[in-house]
Amino acid sequence: MPYTSFDEIEQIHTELHNTFKTKLTLPLAFRQHQALQLARMLKENHTRIADAIWQDLGKPAFEVYLSEINPTMERCVLTAQRLPEWTQVENRENIITKPHQKQWKPRVYKAPKGVGVVIAPWNYPMALSFQPLLGAIAAGCCCVLKLSEVSSHFAEAVADLLPKYLDQRAYRVVLGGVPEVTRVLELKWNHIFYIGNSTVARIISAAATRHLTPVTLELGGKSPVIIDPDFGDIELAAKRIFWGKTSNSGQICVSPDYVLVPTKTKTGHRRPELMEELVKAFKKAYQESFPEGSPALQSESYAHIINEYHYKRVERLLEETKGTVVTGGGKDPKTFKMEPTILTGVTPEDALMQGENFGPVLPLLKIDTVDDAIDFIGSRNHPLVLYVFSDDEEVKTRIREGTTSGALIFNDTFIQLDVNEMPFGGVGESGHGSQVLQYTFEEFSYERSCLTIPKEIEPAFKPRYPPYSQEAFDL
Ligand code: NAD
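Per this note's numbering, residue 66 is the first one in the sequence shown, and the count goes up by one each step.
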């Protein structure tokens with residue numbers, strides 16, 4: 066796959082800034098057409114794209130359609146439909162409290178920031194590159210899409226397809242790795258939308274600061290799960306956690322990263338057996354998903370780890386962690402497949418409990434009470450998501466008020482990404498800014514205040530000009 070040359074990157078930079086000045090991307094009809102063209106591209110090429118993602122990740126076609134192709138197509142159409150509503154000019158006359166200012170025509174416009182850059186990761190290569198691109202299109206921005214070099218088949222397919230559907234004067238693909246991103250970041254853009262890990266996010270932020278460019282950072286999670294010991298259906302909890310953990314082999318920013326198991330109930334009753342119940346329920350979920358004759362390592366319903374580097378990274382985390390494997394543990398270095406692996410006896414100091422594991426590995430940690438779980442989460446970086454299994458409104462409130470996370474989901478995992486109308490984003494170490502539909506549109510827009518001061522009111526302004534008199538204080 067030939068990477069974009071530095072000369073070409075500079076040329077793209079100049080061309081897109083020139084295009085933005087021509088106002089090509091401003092009319093709503095243009096933006097709607099481009100959004101629908103993106104949907105058309107997916108409709109006409111979905112098998113090629115699904116195949117490319119299969120080659121990169123071994124991601125089952127069902128998962129590609131469920132979490133990438135179908136939602137992206139739906140969001141393209143919704144963007145075209147809802148754009149007139151999002152871009153409505155806000156008339157603030159009704160909320161202005163100083164009566165004379167009502168005649169100043171107070172209006173707020175949603176204006177495009179200019180030329181944006183999207184720097185995308187490999188794990189959901191389509192959803193996570195097209196969603197921000199769609200936001201840029203909706204906002205009326207020009208945009209460069211820097212696809213991840215790690216998911217190279219997908220990147221190659223998109224580099225070939227996108228120019229056939231989108232207006233090349235406004236939207237361009239850049240291919241490459243660290244040197245190419247570094248060159249991109251040396252240039253001045255009007256917004257940078259980065260999705261990836263928090264180490265690189267610091268490099269992106271530092272580069273953006275040089276030009277005072279605003280950034281959206283959608284970062285990793287280390288998303289915990291708390292199981293309320295009074296929760297009525299442990300089997301259901303295990304099944305739902307297992308689904309979130311096995312999808313894309315755990316390579317999801319919102320994947321449940323570890324489970325906290327408080328064993329003391331609200332009434333002080335101890336449930337030492339809870340951990341065993343949970344382990345039993347996970348084993349059952351494992352057997353249901355990967356029945357005999359179709360173990361995970363052979364299953365076509367189960368993705369592999371993206372490449373050798375990440376396979377070895379997860380392998381090392383497992384080797385350096387004490388604890389007992391209660392399901393899974395099998396792996397194949399030739400296919401980079403690793404069975405969904407659940408461990409007990411893991412401690413907060415273990416390797417697996419440091420960074421996000423971003424693989425099919427789930428440690429279970431015994432803890433005393435729900436309040437201890439709240440303290441534990443509070444003592445670490447803010448996660449992208451906190452999952453809680455509870456039937457108790459008081460417990461839910463206590464957890465909501467006592468913790469900080471990008472999202473808080475009760476009684477399921479991963480499903481929140483299916484809800485188009487909710488903001489999706491992190492807080493603190495898990496990022497800032499948010500996305501999905503209108504929220505992505507807003508990241509690429511800014512609120513432009515506009516007032517028209519009538520000429521005729523000049524006499525009323527007299528006291529504001531020096532020399533000042535008592536009149537000014539009487540105003
Ligand atoms: P990656 O390696 O593909 O990197 C992402 C992008 O950053 C790529 O385009 C890459 O070229 C670029 N990049 C990598 N190193 C760079 C450097 N040194 N300087 C400049 N650019 C560089 O993807 P990744 O970071 O491994 O992605 C996985 C991470 O992303 C996980 O932490 C995951 O949780 C997070 N993620 C977050 C979200 C979210 O929406 N919050 C979604 C998906 C993934």
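Glycine included, each C-beta is placed from N, C-alpha and C at the ideal position. Here the structure is a predicted model, which is why all the values come from computation and not from measurement.
Going by DSSP, what residues sit across from residue i in a beta bridge?
i           : result
residue 428 : 408
residue 6   : Outside the displayed span of the chain (66 to 540) sits residue 6, for which this structure offers no information.
residue 452 : 290, 474
residue 318 : According to DSSP, which records beta bridges pairwise, residue 318 is partnered with nothing at all.
residue 225 : Its beta-bridge partners do not exist; DSSP assigns none.
residue 236 : 208
residue 422 : In the DSSP output, where bridge partners are listed per residue, residue 422 has none listed.
residue 180 : 207
residue 155 : 173
residue 335 : 329
residue 403 : 396
Going by the CB atoms, is the gap between residue j and residue i shorter than 8 Å?
i           : j           : result
residue 155 : residue 129 : no
residue 493 : residue 508 : no
residue 47  : residue 206 : Because the chain is modelled from 66 through 540, residue 47 falls outside the range shown and cannot be assessed.
residue 312 : residue 369 : no
residue 362 : residue 404 : yes
residue 238 : residue 199 : no
residue 48  : residue 330 : Because residue 48 is not part of the residues shown, which for the chain are 66 to 540, the question remains open.
residue 100 : residue 141 : yes
residue 197 : residue 481 : no
residue 179 : residue 495 : no
residue 437 : residue 327 : yes
residue 467 : residue 449 : no
residue 545 : residue 271 : Absent from the structure is residue 545, since the part of the chain shown begins at 66 and ends at 540.
residue 149 : residue 91  : no
residue 195 : residue 137 : yes
residue 306 : residue 280 : no
residue 74  : residue 249 : yes
residue 103 : residue 231 : yes
residue 88  : residue 512 : no
residue 143 : residue 485 : yes
residue 398 : residue 376 : yes
So the candidates are the options; which of them puts its Cα closest to the Cα of residue i?
i           : options            : result
residue 260 : 425, 193, 232, 273 : 193
residue 440 : 455, 463, 458      : 463
residue 348 : 402, 371, 367, 393 : 393
residue 476 : 302, 282, 490      : 302
residue 234 : 125, 76, 334, 111  : 76
residue 236 : 82, 487, 527       : 82
residue 380 : 396, 365, 371      : 396
residue 340 : 389, 366, 383      : 389
residue 332 : 208, 420, 433      : 433
residue 147 : 350, 504, 307, 220 : 504
residue 430 : 387, 159, 483, 450 : 387
residue 244 : 310, 372, 269      : 269
residue 579 : 139, 125, 252, 445 : Limits of the chain in this structure are 66 at one end and 540 at the other, which puts residue 579 out of reach.
residue 145 : 513, 532, 506      : 506
residue 488 : 253, 502, 201      : 502
residue 214 : 170, 401, 118, 521 : 118
residue 469 : 416, 169, 452      : 452
residue 292 : 530, 478, 78, 86   : 478
residue 299 : 522, 189, 491, 454 : 454
residue 320 : 350, 372, 189      : 189
residue 426 : 367, 310, 528      : 310
residue 131 : 514, 483, 510      : 483
residue 424 : 411, 322, 335      : 322
residue 166 : 278, 515, 535      : 515
residue 107 : 169, 125, 191, 158 : 191
residue 510 : 97, 72, 151        : 151
Got a sec, what are the start and stop residues for the beta strand (DSSP E) residue i sits in?
i           : result
residue 25  : Outside the displayed range of the chain (66 to 540) lies residue 25, so it cannot be described from this structure.
residue 211 : 207-211
residue 176 : 172-177
residue 256 : 256-260
residue 247 : From DSSP, residue 247 is part of no beta strand (DSSP E) but of the alpha helix (DSSP H) over 243-251.
residue 390 : 389-392
Locate the alpha helix (DSSP H) running through residue i, then write down its first and last residues.
i           : result
residue 133 : Element bounds for residue 133: n/a, residue is neither H nor E.
residue 344 : 339-354
residue 378 : 373-384
residue 305 : 299-311
residue 435 : 435-443
> Along the chain, which unbroken stretches of the alpha helix (DSSP H) at least 4 residues long are found entirely within the stretch 67-121?
Replying inline: 71-87
>> I'd like the ranges of any beta strand (DSSP E) spanning at least 3 consecutive residues and lying wholly in the stretch 468-534.
In response: 472-475, 510-515
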